[in-house]
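In the working numbering, the protein residues as written are 307 to 640.
Input: a single structure, listed below in structure tokens.
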Ligand code: ATP
Ligand code: LTN
């Protein structure tokens, strides 16, 4: 609890251009939760280097991502928006938690298996212990709730296990966090292969809508989206392409599936795809405009980065000191 409010923590990696999946599955929920909770939203750049990055590009993408959090509507005066690398406590707590996490647990992580198979030339120890750093992120701020897409649930479960293990040895040190999954948009699928999730690392440019795609590109990608030959706008697993488009439409317009089905009754796929594209454009265009404006305001963004890093360090150090004492490290002499 901070000032009587429950704490929320979430983060995103600056490893590529954000997709509509990242926005609908994560960022959009952040916006709706930001009044109710004391929120920490991190650009998790320590996580990013588990896969090789070009330094100048990582720096630019991280800044763009931080700016995008604000452009999407998160008020940086109310929400603590910061770079993970500006808070040393993440790495410090991560080391400690490494010693309370079993190899067997990490071996089961599907994201590790996935990424290891994609980067066979660089299966580094950081990629393996990635979920421990994520647990440290969350536990460092004593977060009650963590909004993520479905793909991150396994990491959340591990975080809870590690927190409970630590608490059972040392008493109530960590808040055990709950995941928060949005009602819709939890898993946006690829527009080209609707059995796969939409991912920023997809090689086919038509598979993903990027948050920075211009309106024409967005509409074009939706026109090319893979559907089926059923000629029926129905919400069912047998029609994964249409189901995904309905999910996107409903999440963007805040309509229920029933409302959308009624609206498109008797309509063809062409009209439907256009309507989905337009709904997406009307959500993304204002964010893009605000991003362009904020990106030019270096002084403002720098001041946010500085202020919020101080705030994050303050809360992080509180937890870290407590943990260090519990495990038996000597007190700092001031
Ligand atoms: P990569 O493709 O490099 O694995 P990613 O697109 O999965 O990356 P992350 O940085 O791993 O993106 O995820 C950021 C957040 O967005 C996470 O909370 C994740 O659950 C969510 N997210 C990512 N893709 C989707 C998707 N297709 N649908 C819903 N949520 C998503
Ligand atoms: N692993 C997450 C990003 C992430 C995160 C976190 C999300 C790192 N630390 C803490 C929530 C809470 C991902 O790849 N999407």
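We put the CB at the ideal spot given by N, CA and C, even for glycine.
Treat the numbers as computed from the prediction; the structure is a model and nothing was measured.
Please determine whether the Cβ atom of residue i lies at a distance below 8 Å from any heavy atom of ligand 2.
i           : result
residue 389 : no
residue 487 : no
residue 403 : no
residue 452 : yes
residue 353 : yes
residue 464 : no
According to DSSP, is residue i helix, strand or coil?
i           : result
residue 546 : helix
residue 310 : coil
residue 316 : strand
residue 346 : strand
residue 499 : coil
residue 558 : helix
residue 406 : coil
residue 592 : helix
residue 484 : strand
residue 533 : coil
residue 453 : strand
residue 541 : coil
residue 387 : strand
By Cβ distance, which residues of its chain are closer than 8 Å to residue i, with the 5 residues on each side in sequence left out?
i           : result
residue 467 : 411
residue 611 : 372, 388, 389, 392
residue 586 : 326, 515, 524, 528, 554, 558
On the premise that residue j lies in contact with residue i, defined as a C-beta separation below 8 Å, what is that separation, rounded to the nearest angstrom?
i           : j           : result
residue 399 : residue 567 : With 8 Å as the limit, residue 399 and residue 567 do not qualify as a contact, their Cβ atoms being about 47 Å apart.
residue 517 : residue 329 : 6 Å
residue 614 : residue 395 : In fact, because the Cβ distance is near 14 Å, the residues do not count as touching under 8 Å.
residue 619 : residue 313 : The pair is not a contact, with the Cβ atoms about 16 Å apart (cut-off 8 Å).
residue 353 : residue 439 : 6 Å
residue 460 : residue 415 : 6 Å
residue 641 : residue 572 : Because the chain is modelled from 307 through 640, residue 641 falls outside the range shown and cannot be assessed.
Tell me the rounded alpha-carbon separation between residue i and residue j.
i           : j           : result
residue 577 : residue 531 : 13 Å
residue 367 : residue 323 : 8 Å
residue 607 : residue 369 : 9 Å
residue 362 : residue 575 : 43 Å
residue 529 : residue 630 : 56 Å
residue 357 : residue 423 : 12 Å
residue 496 : residue 311 : 37 Å
residue 547 : residue 570 : 15 Å
Should residue i be counted as a contact of ligand 1 given a C-beta to heavy atom distance under 8 Å?
i           : result
residue 415 : no
residue 340 : no
residue 634 : no
residue 588 : no
residue 359 : no
Using a Cβ-based criterion (distance less than 8 Å to any ligand heavy atom), does residue i qualify as near ligand 3?
i           : result
residue 457 : Ligands in the displayed structure: ligand 1 and ligand 2; ligand 3 is not one of them.
Among the residues of its own chain, which have a CB less than 6 Å from the CB of residue i, if the five just before and after it don't count?
i           : result
residue 542 : none
residue 321 : 354
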